[in-house]
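Enquirer: When we follow our numbering, the leftmost residue of the sequence shown carries the number 269, and every step to the right adds one.
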Amino acid sequence: MKYILFFLTPLLLCGSSTFITPMEYASQLYKNPRGIGCQNCHGENGEGRVIANYVHKKKHKSFVGPPINKIGFSEFYRVLNKRKRGMPRYFLTLEEIKALYLYLHKNDKKRHHDK
Numbered sequence: 269m270k271y272i273l274f275f276l277t278p279l280l281l282c283g284s285s286t287f288i289t290p291m292e293y294a295s296q297l298y299k300n301p302r303g304i305g306c307q308n309c310h311g312e313n314g315e316g317r318v319i320a321n322y323v324h325k326k327k328h329k330s331f332v333g334p335p336i337n338k339i340g341f342s343e344f345y346r347v348l349n350k351r352k353r354g355m356p357r358y359f360l361t362l363e364e365i366k367a368l369y370l371y372l373h374k375n376d377k378k379r380h381h382d383k
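1. Any idea which residues DSSP pairs H328 with across the strands?
2. Grab me the residues of S295's own chain with a C-beta within less than 8 Å of its C-beta, minus the 5 sequence neighbours each way, in chain order.
3. Locate the alpha helix (DSSP H) running through P290, then write down its first and last residues.
4. Where does A367 land, buried or exposed, given buried means 16+ other C-beta within 10 angstroms?
5. Between the segment 302-309 and the segment 337-352, are three or more C-beta pairs nearer than 8 Å?
6. Among residues of its own chain, excluding the 5 on either side of E363, which ones have a beta-carbon nearer than 7 Å to its beta-carbon?
7. Which residue from I319, T361, I336 puts its Cα closest to that of G354?
8. Is the beta carbon of H310 closer than 8 Å to that of R317?
9. Give the straight-line distance between the Cα atoms of N300 and H328, rounded to the nearest whole angstrom.
10. Can you say whether I336 is buried or exposed, counting buried as having 16 or more other CB atoms within 10 angstroms of its CB?
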């Protein structure tokens, strides 16, 4: 009996691993990849967002999370793998990066069909 359970456990685990869709996974990853959600700086759909307004040397300035929903995958991958101007380094896997890119481009096909 122990041996049957031992061999069935991986099958049961694999069978239950598809309880969310790829888009649900991508959405959850975008909202909390490693403790700081992408939407906090880049907006709900990657459209960009003002993070903070401040004064530096008597000039009003803004710290902005740039839009990320219009860049190609190569650029998206490159930016996620280097630290730049406040962007945290998440150490995401290739599959996680693909999922985030999928989330940001979820409406692309709809836009093409609407034209």
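Beta carbons: idealized from backbone N, C-alpha and C, even for Gly.
Expert: Reading off the structure:
1. V323
2. Y371
3. 290-299
4. buried
5. no
6. none
7. I319
8. yes
9. 31 Å
10. buried
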